[in-house]
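What follows is a set of notes on a single structure, which appears directly below.
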Amino acid sequence: KSYPEFDRSRLRVEPLSEREHDIDLSRIMDVAPTMWENGAIGKVAEKILEAKAAGAAVIMMAGAHVIRAGVQRYVIDMMERGWITCLAMNGAGVIHDYEYALIGATTESVAKYVKEGRFGLWSETGAINDIVAEAAAGGEGLGEAVGRVIASSGFPNAGISLLAAAWRLGIPATIHVGIGYDIVHEHPNCDGAAYGATSYRDFLRFVAVVEKMSGGVAMNFGSAVMAPEIFLKALSMARNVAGGDEISSFTTLVCDLKELPADFRETPSKNDPLYYFRPWKTMLVRTVSGGGGSFYVRGDHRVTIPGLWTSLDSLERTN
Numbered sequence: 124k125s126y127p128e129f130d131r132s133r134l135r136v137e138p139l140s141e142r143e144h145d146i147d148l149s150r151i152m153d154v155a156p157t158m159w160e161n162g163a164i165g166k167v168a169e170k171i172l173e174a175k176a177a178g179a180a181v182i183m184m185a186g187a188h189v190i191r192a193g194v195q196r197y198v199i200d201m202m203e204r205g206w207i208t209c210l211a212m213n214g215a216g217v218i219h220d221y222e223y224a225l226i227g228a229t230t231e232s233v234a235k236y237v238k239e240g241r242f243g244l245w246s247e248t249g250a251i252n253d254i255v256a257e258a259a260a261g262g263e264g265l266g267e268a269v270g271r272v273i274a275s276s277g278f279p280n281a282g283i284s285l286l287a288a289a290w291r292l293g294i295p296a297t298i299h300v301g302i303g304y305d306i307v308h309e310h311p312n313c314d315g316a317a318y319g320a321t322s323y324r325d326f327l328r329f330v331a332v333v334e335k336m337s338g339g340v341a342m343n344f345g346s347a348v349m350a351p352e353i354f355l356k357a358l359s360m361a362r363n364v365a366g367g368d369e370i371s372s373f374t375t376l377v378c379d380l381k382e383l384p385a386d387f388r389e390t391p392s393k394n395d396p397l398y399y400f401r402p403w404k405t406m407l408v409r410t411v412s413g414g415g416g417s418f419y420v421r422g423d424h425r426v427t428i429p430g431l432w433t434s435l436d437s438l439e440r441t442n
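In the numbering used here, the protein residues as written are 124 to 442.
Put into structure tokens, the structure is as follows:
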């Protein structure tokens, strides 16, 4: 059957110089110890250093708001010091990381620009699609390719790019996209098949990291859907190959703004709307039911990530 499709050649794509940016380099925090203390964060920091010593995986899964929070330098330092061995983000994370590196600013007013029919249609950001198409043809992963381009193309702010840092350090940076979720999918040069190929390659790399989860740590900062869903499927695949629940002794951490009860290690009732908050039932209960432990910390990323870095730095210096 024949169904009409939108003709993207009719779109007007404008330069980023025409956009009003909501966030710029003034948002980026310098790395410094924080006075904020949290017992759960301290325990997770201990588990991370144990995992590092044992060669186990330490995964940071992050929503795009982590980049908007301005904590890049903390995350990069954690990667450089071996406290993070895999970084997983969604497609919006790529966009914010790329724009920050390229022009030192990111984020637009959705309310303003969607009303004008201009939301997301910025030419420089659309160049990400060309990188993805090249990556698909060359057998690269999505995160790997964007990180390589940022690191090697002389972007003025490449030093605060998480993807560039991961590429430089040889750390898997896996990007998990949903077609139609991100502004780059609006652009005439978007190739859906290329996104499917490169993001699925990243997913398989993520599963390979999860195979090393015994004694490891999986952290989720602000991802309500992507992180719990990819971790659940990857863990099932890894356990299938390892044999049952052999990959069981690991630690999970969720940092978000939801108010959870003190007994969050119990599955919520289906009558509770929070049952559908995937980080709770998936990362804090189901995936650790065979062993290990889980922690939940309620807080802003500008507090929790510097707090985790401070705990790790203090523990490593004392030990």
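Note that beta-carbon positions come from the ideal geometry of N, C-alpha and C, so glycine has one too.
*If you draw a straight line from the alpha carbon of S437 to that of A155, how long is it in whole angstroms?*
Reading the sequence shown from its first residue, position 314 is the one you call residue 437. Reading the sequence shown from its first residue, position 32 is the one you call residue 155. Distance between the alpha carbons of S437 and A155 is about 12 Å.
*asked:* The alpha helix (DSSP H) that contains M360, what's its start and end?
replied: Taking the sequence shown and counting its residues from 1, one reaches residue 360 at position 237. 349–365 is the extent of the alpha helix (DSSP H) around M360.
*Counting Cβ pairs, one atom from each stretch, are 3 or more of them under 8 Å apart for the segment 152–172 and the segment 427–437?*
yes
*With a floor of 3 residues, list each beta strand (DSSP E) that falls wholly inside the segment 192–263, ordered by position along the chain.*
209–213
*Name the one or two DSSP bridge partners that A185 has.*
As a first step, residue 185 must be located in the sequence shown, where it is residue number 62. M212, F344, per the DSSP bridge assignment.
*asked:* Using 8 Å for Cβ pairs, my map puts R421 next to E382. What's the rounded Cβ distance?
replied: Your numbering for residue 421 matches position 298 in the sequence shown. Your numbering for residue 382 matches position 259 in the sequence shown. Rounded, the Cβ-Cβ distance is 7 Å, consistent with contact.
_Looking only at its chain, what residues have a beta carbon closer than 7 Å to the beta carbon of T390, apart from the 5 residues adjacent to it on each side?_
Stepping through the sequence shown from its first residue, residue 390 is reached at position 267. Excluding residues within five positions, the ones whose Cβ falls inside 7 Å are K404, V408.
*asked:* Assess contact between the segment 275–288 and the segment 243–255, defined as three or more Cβ pairs (one per stretch) separated by less than 8 Å. Is contact present?
replied: no
*Which ranges would you report for the alpha helix (DSSP H) in the segment 259–316 if only whole runs of at least 4 residues count?*
265–275, 285–292
_Burial state of G135 (16 or more Cβ within 10 Å)_ = Sequence index remark: in the sequence shown, residue 135 carries index 12 (1-based). The sequence given here has Arg at residue 135, not Gly. Result: exposed.
*How far does the beta strand (DSSP E) with L376 in it reach, from first residue to last?*
In the sequence shown, counting from the first residue as 1, residue 376 sits at position 253. Element bounds for L376: 374–379.
*asked:* Restricting to Cα atoms, I'd like to know which of G413, N280, E222, I190 is closest to R388.
replied: Taking the sequence shown and counting its residues from 1, the one referred to as residue 388 is at position 265. Of the listed residues, the one whose Cα sits closest to R388 is G413.
*From this set, D379, V411, G277, which residue's C-alpha is nearest L397's C-alpha?*
Numbered from its first residue, the sequence shown carries residue 397 at position 274. Of the listed residues, the one whose Cα sits closest to L397 is D379.
*asked:* Excluding the 5 residues flanking M406 on each side, which residues of the same chain have their C-beta closer than 6 Å to its C-beta?
replied: Mapped onto the sequence shown, residue 406 falls at position 283. Cβ within range, chain order: N343, P351, T375, V377.
*Quick one: is the Cβ of W206 within less than 8 Å of any heavy atom of the ligand ADP?*
Looking for the ligand ADP in the displayed structure turns up nothing, as the structure carries no ligands at all.
_Please classify F418 as buried or exposed, where buried requires at least 16 other C-beta atoms within 10 Å of its C-beta._
Numbered from its first residue, the sequence shown carries residue 418 at position 295. The residue in question, F418, is buried, as its Cβ has 16 or more Cβ neighbours within 10 Å.
*Confirm, please, whether the CB-CB distance from L265 to I306 is below 9 Å.*
Position 183 of the sequence shown, counting from 1, holds the residue named residue 306. Position 142 of the sequence shown, counting from 1, holds the residue named residue 265. Cβ distance not < 9 Å, so I306 and L265 don't count as in contact.
*F278 vs M336 beta-carbon contact at 9 Å*: Position 155 of the sequence shown, counting from 1, holds the residue named residue 278. Position 213 of the sequence shown, counting from 1, holds the residue named residue 336. Contact flag unset, no.
*Within 10 angstroms of its Cβ, does E137 collect 16 or more other Cβ (buried), or is it exposed?*
As a working note, residue 137 is residue 14 in the sequence shown. Exposed, because fewer than 16 other Cβ atoms sit within 10 Å of the Cβ of E137.
*Do H144 and T230 have their C-beta atoms closer together than 9 Å?*
Here the question's residue 144 lines up with position 21 in the sequence shown. Here the question's residue 230 lines up with position 107 in the sequence shown. Taking 9 Å as the Cβ cut-off, H144 and T230 qualify as a contacting pair.
_Best match in A168, E141, Y126 for proximity to V340 [C-alpha to C-alpha]_ = Residue 340 sits at position 217 when you count from the first residue of the sequence shown. Nearest of A168, E141, Y126 to V340, Cα basis: A168.
*Given a cut-off of 9 Å, decide if I226 and N280 are closer than it, judged by their beta-carbon atoms.*
Walking along the sequence shown from the start, residue 280 turns up at place 157. Walking along the sequence shown from the start, residue 226 turns up at place 103. Taking 9 Å as the Cβ cut-off, N280 and I226 qualify as a contacting pair.
_Outcome for N161 when other beta-carbon atoms lying within 10 angstroms are tallied against a minimum of 16_ = As a first step, residue 161 must be located in the sequence shown, where it is residue number 38. Burial call: buried.
*beta strand (DSSP E) runs contained entirely in the segment 387–440, provided each spans 3 or more residues*: 416–421
*Could you say which of E239, R204, N213, L139 lies nearest to I171 if we only look at CA atoms?*
Position 48 of the sequence shown, counted from the first residue, corresponds to residue 171. Comparing Cα positions, the closest option is R204.
*asked:* If you reduce the DSSP assignment to three classes, tell me which class I146 lands in.
replied: Here residue 146 corresponds to residue number 23 of the sequence shown, with the count starting at 1. I146: strand per DSSP, three-state reduction.
*asked:* At the level of alpha carbons, what is the spacing between G416 and A180?
replied: Against the sequence shown, residue 416 aligns to sequence position 293. Against the sequence shown, residue 180 aligns to sequence position 57. Cα-Cα distance, rounded: 15 Å.
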